[in-house]
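S.K.: No gaps in the numbering here: position 214 of the sequence shown is 296 in the numbering used here, and each next residue is one more.
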Amino acid sequence: MAISNDILKEALREFEILPADRLEAAYQSANDRGEPLAEFLVERNIVTDENMGRLMADIYRIPYVNLRNEAIPEDVLRLVPVEMVKRSWVMPFRRLEDGGVAVAVNDPLNIEAIAAVRKKLRGKDVQLHYATRGDIELVAARFRKDIKAVFQGIIAEIERKLSEKPDLSAEDALKELPIVQIVDTLLLYAYQAGSSDMHIEPREKEALVRFRIDGLMHDIVRYPKYMHDLVVTRLKIMGRLRTDEHFAAQDGKIRTVLEGETVDIRINIVPIIEGEKVVMRLLTERGKHFYLESIGLSDADVEKTVRAMKKPFGMILSTGPTGSGKTTTLYAILKILNTPEVNITTIEDPIEYDIAGVSQIQVNPKTGITFAAGLRAIVRQNPDIIMVGEIRDEETAGIAVNSAMTGHLVLSTLHTNNAATTLPRLLEMKIEPFLIASSINLIMAQRLVRRICPKCRKSGTMSESEAKAAGLSEDLIRRLFGKKKSLTVYSGAKCELCRHTGYIGRVGIFELIEMTEPIRNLIMNRANADDIEREAIRQGMTTMLEDGVQKVLNGLTTVEELLRTMHD
Numbered sequence: 083m084a085i086s087n088d089i090l091k092e093a094l095r096e097f098e099i100l101p102a103d104r105l106e107a108a109y110q111s112a113n114d115r116g117e118p119l120a121e122f123l124v125e126r127n128i129v130t131d132e133n134m135g136r137l138m139a140d141i142y143r144i145p146y147v148n149l150r151n152e153a154i155p156e157d158v159l160r161l162v163p164v165e166m167v168k169r170s171w172v173m174p175f176r177r178l179e180d181g182g183v184a185v186a187v188n189d190p191l192n193i194e195a196i197a198a199v200r201k202k203l204r205g206k207d208v209q210l211h212y213a214t215r216g217d218i219e220l221v222a223a224r225f226r227k228d229i230k231a232v233f234q235g236i237i238a239e240i241e242r243k244l245s246e247k248p249d250l251s252a253e254d255a256l257k258e259l260p261i262v263q264i265v266d267t268l269l270l271y272a273y274q275a276g277s278s279d280m281h282i283e284p285r286e287k288e289a290l291v292r293f294r295i296d297g298l299m300h301d302i303v304r305y306p307k308y309m310h311d312l313v314v315t316r317l318k319i320m321g322r323l324r325t326d327e328h329f330a331a332q333d334g335k336i337r338t339v340l341e342g343e344t345v346d347i348r349i350n351i352v353p354i355i356e357g358e359k360v361v362m363r364l365l366t367e368r369g370k371h372f373y374l375e376s377i378g379l380s381d382a383d384v385e386k387t388v389r390a391m392k393k394p395f396g397m398i399l400s401t402g403p404t405g406s407g408k409t410t411t412l413y414a415i416l417k418i419l420n421t422p423e424v425n426i427t428t429i430e431d432p433i434e435y436d437i438a439g440v441s442q443i444q445v446n447p448k449t450g451i452t453f454a455a456g457l458r459a460i461v462r463q464n465p466d467i468i469m470v471g472e473i474r475d476e477e478t479a480g481i482a483v484n485s486a487m488t489g490h491l492v493l494s495t496l497h498t499n500n501a502a503t504t505l506p507r508l509l510e511m512k513i514e515p516f517l518i519a520s521s522i523n524l525i526m527a528q529r530l531v532r533r534i535c536p537k538c539r540k541s542g543t544m545s546e547s548e549a550k551a552a553g554l555s556e557d558l559i560r561r562l563f564g565k566k567k568s569l570t571v572y573s574g575a576k577c578e579l580c581r582h583t584g585y586i587g588r589v590g591i592f593e594l595i596e597m598t599e600p601i602r603n604l605i606m607n608r609a610n611a612d613d614i615e616r617e618a619i620r621q622g623m624t625t626m627l628e629d630g631v632q633k634v635l636n637g638l639t640t641v642e643e644l645l646r647t648m649h650d
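#1: Please report the straight-line C-alpha distance between R242 and I261, rounded to a whole angstrom.
#2: In this structure, how does DSSP classify K417 when only helix, strand and coil are distinguished?
#3: In three-state terms, what does DSSP make of P284?
#4: How far does the alpha helix (DSSP H) with R95 in it extend, from its first residue to its last?
#5: Looking at the secondary structure, which residues open and close the alpha helix (DSSP H) in which L123 lies?
#6: Sorted by chain position, which residues of the same chain lie with C-beta nearer than 8 Å to M134's C-beta, five sequence neighbours on each side aside?
#7: Going along the chain, which residues of its own chain have a beta-carbon closer than 7 Å to the beta-carbon of N610, five neighbours each way excluded?
#8: Compute the distance between the beta-carbons of L94 and L105, then report whether it is under 7 Å.
#9: Taking T387 as the reference, give the member of R204, L364, M299 and E596 with the closest Cα.
#10: Hey, how far is the Cα of P101 from the Cα of W171?
#11: Who are the near neighbours of A195 in its chain, counting only those whose CB is closer than 6 Å to its CB and skipping five residues on each side?
#12: How far does the alpha helix (DSSP H) with D629 in it reach, from first residue to last?
#13: Which residues mark the beginning and the end of the beta strand (DSSP E) in which A184 is found?
#14: Keeping to the same chain, check which residues put their C-beta closer than 7 Å to that of S521; ignore five residues upstream and five downstream.
#15: Comparing alpha-carbon positions, which option in E476, D157 and G405 lies nearest A455?
#16: What three-state label does DSSP hand L250 in the structure shown?
#17: If we ignore side chains and look at the alpha-carbon of each, how far apart do E356 and I282 end up?
#18: Sorted by chain position, which residues of the same chain lie with C-beta nearer than 8 Å to G342's C-beta, five sequence neighbours on each side aside?
#19: Look at the Cβ atom of A186, then the Cβ atom of L579, and state whether they are nearer than 7 Å.
#20: Please tell me whether Y273 and L365 are closer than 7 Å, where the distance is taken between their beta carbons.
#21: When we look at the beta-carbon of T503 and count the other beta-carbons within 10 Å, is it buried (16 or more) or exposed?
#22: Buried or exposed: where does T344 fall if 16 or more other Cβ atoms within 10 Å of its Cβ makes it buried?
#23: Is I473 helix, strand or coil when you go by DSSP?
#24: At the level of alpha carbons, what is the spacing between S406 and G205?
#25: Which first and last residues belong to the alpha helix (DSSP H) in which N150 is found?
#26: Per DSSP, what kind of secondary structure is P353 in: helix, strand or coil?
#27: If I measure Cβ to Cβ from L203 and keep anything under 7 Å in the same chain, skipping five residues before and after, which residues do I get?
#28: Suppose only complete runs of 4+ residues qualify. What are the alpha helix (DSSP H) ranges in the region 584-609, listed by chain order?
#29: Once DSSP output is grouped into helix, strand and coil, what is the label at N523?
#30: For a minimum of 3 consecutive residues, which ranges assigned as the beta strand (DSSP E) are wholly contained in the region 265-325?
#31: From what residue to what residue does the alpha helix (DSSP H) around M391 run?
#32: Using alpha carbons as the reference points, say which of D254, K335 and A331 lies closest to L312.
#33: Please name the residue or residues paired with E343 in a DSSP beta bridge.
#34: Determine the extent of the beta strand (DSSP E) in which Y435 is found, giving its start and end residues.
#35: From T452, R581 and K633, pick the residue whose C-alpha is nearest to that of R533; which is it?
#36: At the level of alpha carbons, what is the spacing between K448 and E430?
Spelled out as structure tokens, the structure:
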């Protein structure tokens, strides 16, 4: 049983961790959403994970342990199965001199889980310490197996069986060879690595498996070409696709359980010269836990977003290139808007996550459900809030704007380079200036930068000459350094946890344009994007570059990552 919001609020007030007014606002918001106050504060970066952990340890009257600073022996980690760790958030981390074991717990009142651990430890004395769920999650990553070693073992077994039965048919091979184990290993490893997509690409003599992690592709493992058709057939069976079709594209969906979590996997198979290429998108529960603060919006930008959300009608547009997190931002907004008092309907392609209480429609051109046709149907369903996955054409744009003008709050995405170019883009879609000026509440442009690994993050200094040598522009150097001669910057030292990349996860950099009277006037006069951007900056808009600079200075990301993203 977790600590109640009332008890935690009182402890936060007593230790003066937050100003009284901010604490009260957070307490009310958490209660309104039905969320534990501790999770509400940590996930929105209002209170750090470690500070919350120390406070919870005081409340439970047990010692606090920062697992990131513990050198945990492998044999101690293995005392409890990984499934139990991730199910109960109980992890052994140190052997005691008297033969006992120090155990980190996230919920000391979970007597059943602690009893199960005691049983696994066979009567050893257990000393409880409090650890945050985030710390336990990070350390649990050490349970990962080396996929290459696993694959070598499987391939050796396959080759042995094939040498014994060289005439084995494809159908019998699926039954007798460990192809299922290969596919299960790939899916589990992709899940553990936090991969959003897995690509299986046939080459001339082998097949290459690649994962997209934090937006970048990584080569993971290769296997012999003769196994590829069997792997693809197994995936087709899991996705309920035709196994006898090899020359047409196919789409399907796989639902499986990985480490106790139900994971939906979208699968797409297309024929290429070397065979059939498979791309899978992993949709996990982890992706559902997004909040305006946790995705990277500053306090000022959160206030602008909330103001736009509170309006009963109008449009909120999230813009940026493919893969910039636009849909995640809209889901974060929907999560706040999703209350029993409103009717929310979405039209998406594809539906990324199922949201309880929201009617979600999948675009399907074969049945005539396009964005435009679906949007027309939605308007007749008496919605209060509409989300359109993407405005791609003039017809969809026109219906969306008209819906925003007739009493609906409309959320959608658009492909533009920055916030200001969104307005001329709508003009190109033949939306009249007075409709744009009257219907839009807020435009949010964004990119995603990788976060520095919290375990191996280190600080260093950068001089202006080093910044110039690294390729930073004069403008960026001026914004970063100001009047300083050197700058404290951060980077990842590249550890096992971040797979020697120095980064784990991503955070957004944003710029927001609120519709104000001066900007409305510019739109009515068909002003260009530069004039609109200058006016927005004059009114206090933080540009994406400035937001990125601030995240570099705060140690969330690196100068190199900001450069890479902005150049892209």
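Note that CB positions come from ideal geometry on N, CA and C, so glycine has one too.
M.R.: From the atom records:
#1: Sequence index remark: in the sequence shown, residue 242 carries index 160 (1-based). Sequence index remark: in the sequence shown, residue 261 carries index 179 (1-based). Approximately 14 Å, taken between the alpha carbons.
#2: In the sequence shown, the residue the question calls residue 417 occupies position 335. Here K417 sits in helix by DSSP.
#3: Here the question's residue 284 lines up with position 202 in the sequence shown. Three-state result, P284: strand.
#4: Position 13 of the sequence shown, counted from the first residue, corresponds to residue 95. First-last of the alpha helix (DSSP H) with R95: N87 to E96.
#5: To locate residue 123, count along the sequence shown from 1; it is residue 41. Element bounds for L123: L119 to E125.
#6: Residue mapping note: residue 134 aligns to position 52 of the sequence shown, counting from 1. So the qualifying residues of the chain are A120, L123, V124 and T214.
#7: One-based indexing of the sequence shown puts residue 610 at position 528. Hits under 7 Å: P506.
#8: Residue mapping note: residue 94 aligns to position 12 of the sequence shown, counting from 1. Residue mapping note: residue 105 aligns to position 23 of the sequence shown, counting from 1. For L94 and L105, yes; Cβs fall inside 7 Å.
#9: Counted from its first residue, the sequence shown places residue 387 at position 305. Per the Cα distances, E596.
#10: Within the sequence shown, the letter at position 19 stands for residue 101. Within the sequence shown, the letter at position 89 stands for residue 171. Rounded to the nearest angstrom, the two C-alpha atoms are 31 Å apart.
#11: Position 113 of the sequence shown, counted from the first residue, corresponds to residue 195. Same-chain partners within the cutoff: S170 and V172.
#12: Along the sequence shown, read from residue 1 onward, the residue named residue 629 stands at position 547. Looking at the DSSP string, the run of the alpha helix (DSSP H) that includes D629 is M626 to L635.
#13: On the sequence shown, position 102 is the one that residue 184 refers to. Residues V183 to V187.
#14: Taking the sequence shown and counting its residues from 1, the one referred to as residue 521 is at position 439. Within the same chain, S521 has close Cβ partners G396, M397, V483, A486 and M487.
#15: By one-based count along the sequence shown, residue 455 stands at place 373. With distances taken between Cα atoms, A455 lies closest to E476.
#16: If you number the sequence shown from 1, residue 250 lands on position 168. In this structure, L250 counts as coil in the three-state DSSP scheme.
#17: For the purposes of this step, residue 356 is taken as residue 274 along the sequence shown, with counting starting at 1. For the purposes of this step, residue 282 is taken as residue 200 along the sequence shown, with counting starting at 1. Looking at the two C-alpha atoms, the distance is approximately 12 Å.
#18: Residue 342 sits at position 260 when you count from the first residue of the sequence shown. Result list for G342: E165, K168 and R169, in chain order.
#19: Residue 186 sits at position 104 when you count from the first residue of the sequence shown. Residue 579 sits at position 497 when you count from the first residue of the sequence shown. In this structure, L579 does not lie closer than 7 Å to A186 by Cβ.
#20: Numbered from 1 along the sequence shown, position 191 holds the residue referred to as residue 273. Numbered from 1 along the sequence shown, position 283 holds the residue referred to as residue 365. No.
#21: One-based indexing of the sequence shown puts residue 503 at position 421. Answer is buried; the Cβ neighbour count reaches 16.
#22: On the sequence shown, residue 344 is found 262 positions in, with the first residue counted as 1. Exposed is the call here.
#23: Numbered from its first residue, the sequence shown carries residue 473 at position 391. If DSSP states are grouped into helix, strand and coil, I473 belongs with coil.
#24: Position 324 of the sequence shown, counting from 1, holds the residue named residue 406. Position 123 of the sequence shown, counting from 1, holds the residue named residue 205. When rounded, the distance between both Cα atoms is 51 Å.
#25: As a working mapping, residue 150 is identified with position 68 in the sequence shown. Before going on, a small fix: residue 150 reads as Arg here, not Asn. It is not in any alpha helix (DSSP H) - R150 carries neither H nor E in the DSSP assignment.
#26: Residue mapping note: residue 353 aligns to position 271 of the sequence shown, counting from 1. Strand at P353.
#27: Working through the sequence shown from its first residue, we reach residue 203 at position 121. Closer than 7 Å at the Cβ level, and outside the excluded window around L203, lie L161 and V183.
#28: 599-606
#29: On the sequence shown, position 441 is the one that residue 523 refers to. In this structure, N523 counts as strand in the three-state DSSP scheme.
#30: 279-284, 288-295 and 298-306
#31: Taking the first residue of the sequence shown as position 1, residue 391 is located at position 309. Element bounds for M391: D381 to K392.
#32: For this step, residue 312 is matched to residue 230 along the sequence shown. Considering only alpha carbons, the answer is D254.
#33: In the sequence shown, counting from the first residue as 1, residue 343 sits at position 261. In the DSSP output, where bridge partners are listed per residue, E343 has L340.
#34: Counting from one through the sequence shown, the residue named residue 435 turns up at place 353. It is not in any beta strand (DSSP E) - Y435 carries neither H nor E in the DSSP assignment.
#35: Here residue 533 corresponds to residue number 451 of the sequence shown, with the count starting at 1. Closest by alpha carbon: K633.
#36: Along the sequence shown, read from residue 1 onward, the residue named residue 448 stands at position 366. Along the sequence shown, read from residue 1 onward, the residue named residue 430 stands at position 348. Taking the straight line from one Cα to the other gives about 15 Å.
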